[in-house]
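S.K.: Numbering (the UniProt record's numbering), first residue to last: 1 to 602. Handing you this structure, nothing more for now.
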Amino acid sequence: MTERGVTEHDLRTLIGEVKDGSLSRRGFVGRMLALGLTAPMAGMMLAQNGVAFAASPLRDAYKPTKAGGGGPLKLLFWQAATLINPHFAVGTKDQEGSRIFYEPLAAWDADGNLFPILAAEIPSKENGGVAADGYSVTWKLKPNVKWHDGKPFTADDVVFTAEYAANPATAAVTGGSYMNVKVTKVDDLTVKLTFKEPTPFWADAFVSSAGMIIPKHVFADYNGDKSRDAPANLAPVGTGPYKFSEFRPGDILRGVRNPDYHVPNRPFFDSIEMKGGGDAVSAARAVLQTGEYDYAWNMQVEDEILKRLEAEGKGRVKMDYGGNLEFLLLNATDPNTEVDGERASLKTKHPAFSDPAVRKAMNLLVNRAAIQQFIYGRTGRATANVFNGPAPFVSKGTSFAFEPDKAAQILEEAGWKKGGDGIRAKDGKKLRFVFQTSINAPRQKTQAIIKQAAQKAGIDMELKSVPGSVFFSSDVANPDTYPHFYADMEMYTWNMTQADPAVFALQYVSWEAATKANKWQGRNICRMQNPDVDAAYKAAQSELDLVKRAALFVKMNDLVVADYVLPLLHRAQVSAINGKLEAPASGWDNSLAFLAEWYKQA
């Protein structure tokens with residue numbers, strides 16, 4: 001059974017009616033929404049059953065009749081970009097900076113439809129792009145696209161990007177999206193992706209944040225172990241609406257209008273500036289109160305403050321919900337023990353969190369309802385799940401509760417006894433944790449709420465706050481970045497940049513553990529190793545039946561939240577924008593995914 005008693009047969013009947021024309025696509029989506037499913041999920045259902053993705057309204061919504069003339073576009077990112085290579089972008093702000101210049105074949109729009117960027121069309125069963133057996137997909141590329149240096153964009157660049165990302169020596173953070181796919185050139189404007197197994201979710205490689213394509217002629221000499229030496233890591237050559245002009249890592253990134261952009265009448269703005277630094281509150285003020293900037297990214301600000309600033313009348317807060325998750329990670333390894341020159345090695349186990357009782361107690365000490373009510377308001381929803389959309393992937397078998405007394409009882413029964421200092425200990429090991437996150441008021445207030453409850457249960461916490469520009473840095477030499485995770489607990493948001501869990505879920509599988517060997521580029525930051533989670537993921541990746549596949553991800557969700565991951569909030573992408581700025585965005589993709597469509601009203 002699916003949501004609200006709808007059977008698999010019912011769904012397949014409705015899909016059949018869309019295919020034979022007796023039910024419109026809009027009518028189908030409307031029925032799915034009424035049943036509690038999301039528009040992205042409805043679109044994926046149709047696409048996987050031979051009905052092409054709907055045309056996005058994005059292009060029709062664009063009003064300017066010529067490119068340029070819009071003056072400067074000023075963006076404020078309180079976490080500054082540190083490099084501009086999308087395949088090394090461990091932090092979202094580096095993905096966003098890269099997205100100004102680099103483009104994927106397709107992006108996810110607000111309704112969960114695939115929107116062609118460098119692709120001539122979206123592959124489907126109808127146009128022959130998607131194989132019925134799930135083993136391959138063929139992309140046709142947009143003709144007459146040029147790199148910023150004037151060289152033509154071709155299938156060779158697409159094939160090279162896959163080889164570059166999949167090469168273990170490159171240590172690309174996007175490697176998981178290309179590891180199990182063979183990409184071959186059919187002709188200059190066609191590539192074929194062949195999978196080792198039937199692959200229901202083929203829109204991973206070359207799509208969204210993991211799909212940005214880099215030029216072969218620029219990066220060919222820097223593949224593999226020379227990847228970090230490429231000058232273009234700091235001076236990008238892309239196909240996007242703006243050409244690179246200046247970059248000061250950790251400070252400012254500038255570009256100018258690309259006169260040869262491949263979409264007519266775009267971009268509207270003559271130049272772009274992505275300024276970094278400061279904090280989220282000052283960024284909100286710079287848009288909503290002073291009007292100094294046109295756009296501020298990632299408003300990690302108490303909703304009460306945002307409402308007050310909106311009342312100034314110079315701008316508005318924009319919220320795009322997708323599947324983004326604010327969560328608390330418990331370290332599965334020991335950050336205080338070094339093995340073979342590596343802290344938090346997979347060869348170690350955390351002295352406290354390896355005990356399931358401690359993890360269970362910790363979950364009961366998180367007051368999610370209070371965090372939502374008093375800090376996040378409209379911008380976050382308390383959750384017990386790691387997958388919060390689309391609807392069929394959301395587990396109904398989980399729940400959250402704030403029960404400090406029960407947590408204390410669980411610890412007591414597991415042998416963790418309070419000492420004279422009030423801190424619980426067992427076998428000489430104390431429940432004393434370092435809890436780290438990035439610097440901004442909502443996260444520090446969340447830390448304080450959790451610490452207060454933990455103290456009452458006999459757990460001592462040292463709160464550590466790291467500047468966002470450091471915490472989310474792509475610098476592999478910096479021990480304070482979140483992928484190093486040299487603490488017992490840490491908290492941040494992971495963005496779900498697709499209307500499907502396939503890539504988002506990689507942060508929980510064992511082979512994606514962030515280690516010294518992969519330059520801490522793995523997506524599994526807490527380094528959990530759970531064979532049941534791995535098995536559920538692998539099964540889901542080859543299950544062509546959408547209903548059965550959703551059930552496997554629900555199973556994976558339930559295993560993960562019972563392990564080392566404590567979900568806190570289903571978060572919206574929250575931006576502050578100028579009152580006249582039209583800035584299309586999607587909760588399923590980067591905030592700047594549709595930058596070419598941005599303009600200001602007269």
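All residues carry an ideal CB built from backbone N, CA and C; glycine is no exception. Being a predicted model, the structure only gives us computed values, none of them experimental.
Closest to Lys-456 by CA distance: which of Met-362, Ala-583, Lys-243 is it?
M.R.: Counted from its first residue, the sequence shown places residue 456 at position 456. The shortest C-alpha separation from Lys-456 is found at Met-362.
S.K.: Give a yes or no on whether the C-beta atoms belonging to Asp-113 and Glu-121 are separated by under 8 Å.
M.R.: Here residue 113 is taken as the residue at index 113 of the sequence shown, counted from 1. Here residue 121 is taken as the residue at index 121 of the sequence shown, counted from 1. Before going further, note that residue 113 is Asn rather than Asp in the sequence given. No.
S.K.: Can you tell me the Cβ-Cβ gap for Leu-253 and Met-274, rounded? I've got them flagged as a contact below 8 Å.
M.R.: Counting from 1 along the sequence shown, the entry for residue 253 is found at position 253. Counting from 1 along the sequence shown, the entry for residue 274 is found at position 274. Between Met-274 and Leu-253 the Cβ distance is about 4 Å, and since that is below 8 Å, they are a contact.
S.K.: Less than 8 Å separating the beta-carbons of Ala-540 and Pro-390?
M.R.: Here the question's residue 540 lines up with position 540 in the sequence shown. Here the question's residue 390 lines up with position 390 in the sequence shown. No, they are not a contact pair.
S.K.: Only counting the same chain, and skipping five residues up and downstream in sequence, which positions put a Cβ closer than 7 Å to that of Gly-415?
M.R.: Looking up residue 415 in the sequence shown gives position 415. Excluding positions up to five away in sequence, the list reads Lys-426.
S.K.: Kindly indicate which three-state DSSP category Leu-595 falls into: helix, strand or coil?
M.R.: Here residue 595 refers to the residue found at position 595 of the sequence shown. Residue state, collapsed to three classes: helix.
S.K.: Kindly indicate which three-state DSSP category Glu-103 falls into: helix, strand or coil?
M.R.: The residue labelled residue 103 in the question sits at position 103 within the sequence shown. Correct three-state label for Glu-103: coil.
S.K.: What does DSSP give as the partner residue(s) for Asp-320 in the beta ladder?
M.R.: On the sequence shown, residue 320 is found 320 positions in, with the first residue counted as 1. BP columns for Asp-320 point to Gln-573.
S.K.: Per DSSP, what are the beta-bridge partners of Thr-437 in this structure?
M.R.: Counting from 1 along the sequence shown, the entry for residue 437 is found at position 437. According to DSSP, Thr-437 bridges with Ser-465, Met-491.
S.K.: To the nearest angstrom, how far is the alpha carbon of Lys-600 from that of Glu-292?
M.R.: Position 600 of the sequence shown holds residue 600. Position 292 of the sequence shown holds residue 292. Approximately 15 Å, taken between the alpha carbons.
S.K.: Using DSSP's beta-bridge definition, name the partner residues of Ile-252.
M.R.: As a working mapping, residue 252 is identified with position 252 in the sequence shown. Bridge partners of Ile-252 according to DSSP: Arg-248, Lys-275.
S.K.: According to the Cβ coordinates, are Ala-596 and Tyr-261 closer than 8 Å?
M.R.: For the purposes of this step, residue 596 is identified with residue 596 of the sequence shown, where counting begins at 1. For the purposes of this step, residue 261 is identified with residue 261 of the sequence shown, where counting begins at 1. Going by C-beta atoms, Ala-596 is nearer than 8 Å to Tyr-261.
S.K.: Within a Cβ cutoff of 6 Å, which residues of the same chain sit near Lys-580, ignoring the five residues on either side of it in sequence?
M.R.: Residue 580 sits at position 580 when you count from the first residue of the sequence shown. The residues are Lys-600, Gln-601.
S.K.: Roughly how many angstroms separate the alpha carbons of residue 630 and Gly-238, rounded to a whole number?
M.R.: Shown here, the chain extends from 1 to 602; a query on residue 630 therefore has no answer.
S.K.: Whose C-alpha, out of Ala-280, Phe-201, Phe-88, is nearest the C-alpha of Tyr-135?
M.R.: Here residue 135 is taken as the residue at index 135 of the sequence shown, counted from 1. Per the Cα distances, Phe-201.
S.K.: According to DSSP, is Trp-147 part of a helix, a strand, or is it coil?
M.R.: What you label residue 147 is simply residue 147 of the sequence shown in a count that begins at 1. Of the three classes helix, strand and coil, the one that applies to Trp-147 here is coil, per DSSP.
S.K.: With distances taken from CA atoms, which of Gly-211, Val-145, Leu-83, Pro-479 is nearest Leu-234?
M.R.: Residue numbering aside, residue 234 sits at position 234 when the sequence shown is read from its first letter. For the set Gly-211, Val-145, Leu-83, Pro-479, the Cα lying nearest the Cα of Leu-234 is the one of Leu-83.
S.K.: For the beta strand (DSSP E) that Val-386 lies in, which residues bound it at each end?
M.R.: Position 386 of the sequence shown, counted from the start, is the residue given in the question as residue 386. Careful: Val-386 lies outside any beta strand (DSSP E) and carries neither H nor E.
S.K.: Measure the C-alpha to C-alpha separation of Lys-146 and Ala-205 and round it to an integer number of angstroms.
M.R.: Here the question's residue 146 lines up with position 146 in the sequence shown. Here the question's residue 205 lines up with position 205 in the sequence shown. One C-alpha to the other measures close to 21 Å.
S.K.: Taking Leu-58 as part of the beta strand (DSSP E), name the residues at either end of that continuous run.
M.R.: One-based indexing of the sequence shown puts residue 58 at position 58. Looking at the DSSP string, Leu-58 is not in any beta strand (DSSP E); the run it does join, the alpha helix (DSSP H), is 58-61.
S.K.: State the start and end residues of the unbroken beta strand (DSSP E) segment that holds Ala-425.
M.R.: If you number the sequence shown from 1, residue 425 lands on position 425. Run containing Ala-425: 424-426, per the beta strand (DSSP E) assignment.
S.K.: Within 10 Å of its beta-carbon, does Gln-95 have 16 or more other beta-carbons around it, so buried, or fewer, so exposed?
M.R.: On the sequence shown, position 95 is the one that residue 95 refers to. Gln-95 should be labelled buried.
S.K.: So the candidates are Arg-527, Pro-123, Pro-143; which of them puts its Cα closest to the Cα of Asp-187?
M.R.: As a working note, residue 187 is residue 187 in the sequence shown. Among Arg-527, Pro-123, Pro-143, the Cα nearest to that of Asp-187 belongs to Pro-143.
S.K.: Would you mind sorting Gly-422 into buried or exposed? The rule is 16 or more other CB atoms within 10 Å of its CB.
M.R.: To locate residue 422, count along the sequence shown from 1; it is residue 422. By the 10 Å Cβ count, Gly-422 comes out exposed.
S.K.: If you draw a straight line from the alpha carbon of Lys-360 to that of Ile-272, how long is it in whole angstroms?
M.R.: For the purposes of this step, residue 360 is taken as residue 360 along the sequence shown, with counting starting at 1. For the purposes of this step, residue 272 is taken as residue 272 along the sequence shown, with counting starting at 1. Going from the Cα of Lys-360 to the Cα of Ile-272 covers about 48 Å.
S.K.: Rounded to a whole number of angstroms, what is the C-alpha to C-alpha distance between Asp-373 and Leu-364?
M.R.: For the purposes of this step, residue 373 is taken as the residue at position 373 of the sequence shown. For the purposes of this step, residue 364 is taken as the residue at position 364 of the sequence shown. Note that residue 373 is Gln in the sequence shown, not Asp. Near 18 Å, if we compare the C-alpha coordinates of Leu-364 and Gln-373.
S.K.: Going straight from the alpha carbon of Tyr-492 to that of Ala-517, what length do you get?
M.R.: On the sequence shown, residue 492 is found 492 positions in, with the first residue counted as 1. On the sequence shown, residue 517 is found 517 positions in, with the first residue counted as 1. One alpha carbon belongs to Tyr-492, the other to Ala-517, and they sit about 24 Å apart.
S.K.: Strictly by DSSP, which residues pair up with Pro-152?
M.R.: Mapped onto the sequence shown, residue 152 falls at position 152. Pro-152 pairs with Lys-146.
S.K.: Count the other CB atoms within 10 Å of the CB of Arg-257; is the residue buried (16 or more) or exposed (fewer)?
M.R.: One-based indexing of the sequence shown puts residue 257 at position 257. Label assigned to Arg-257: buried.
S.K.: Just to confirm, are Val-301 and Ala-286 a CB contact at a threshold of 8 Å?
M.R.: On the sequence shown, residue 301 is found 301 positions in, with the first residue counted as 1. On the sequence shown, residue 286 is found 286 positions in, with the first residue counted as 1. No, Cβ-Cβ distance for Val-301 and Ala-286 is not below 8 Å.
S.K.: On the three-pair Cβ rule with 8 Å, is the region 149-166 touching the region 211-230?
M.R.: yes
S.K.: DSSP three-state call for Glu-310: helix, strand or coil?
M.R.: Counting from one through the sequence shown, the residue named residue 310 turns up at place 310. Helix, per DSSP.
S.K.: Does DSSP put Phe-353 in a helix, a strand or coil?
M.R.: Within the sequence shown, numbered from 1, the residue matching residue 353 stands at position 353. Note: Phe-353 maps to coil in three-state DSSP.
S.K.: Are any of the Cβ atoms in chain C nearer than 8 Å to that of Val-130?
M.R.: In the structure shown, chain C cannot be found, because there is only a single protein chain.
S.K.: DSSP three-state label for Asp-111, please.
M.R.: Within the sequence shown, the letter at position 111 stands for residue 111. In this structure, Asp-111 counts as coil in the three-state DSSP scheme.
S.K.: I want to know whether the region 561-572 touches the region 541-553 - three or more CB-CB distances under 8 Å.
M.R.: no
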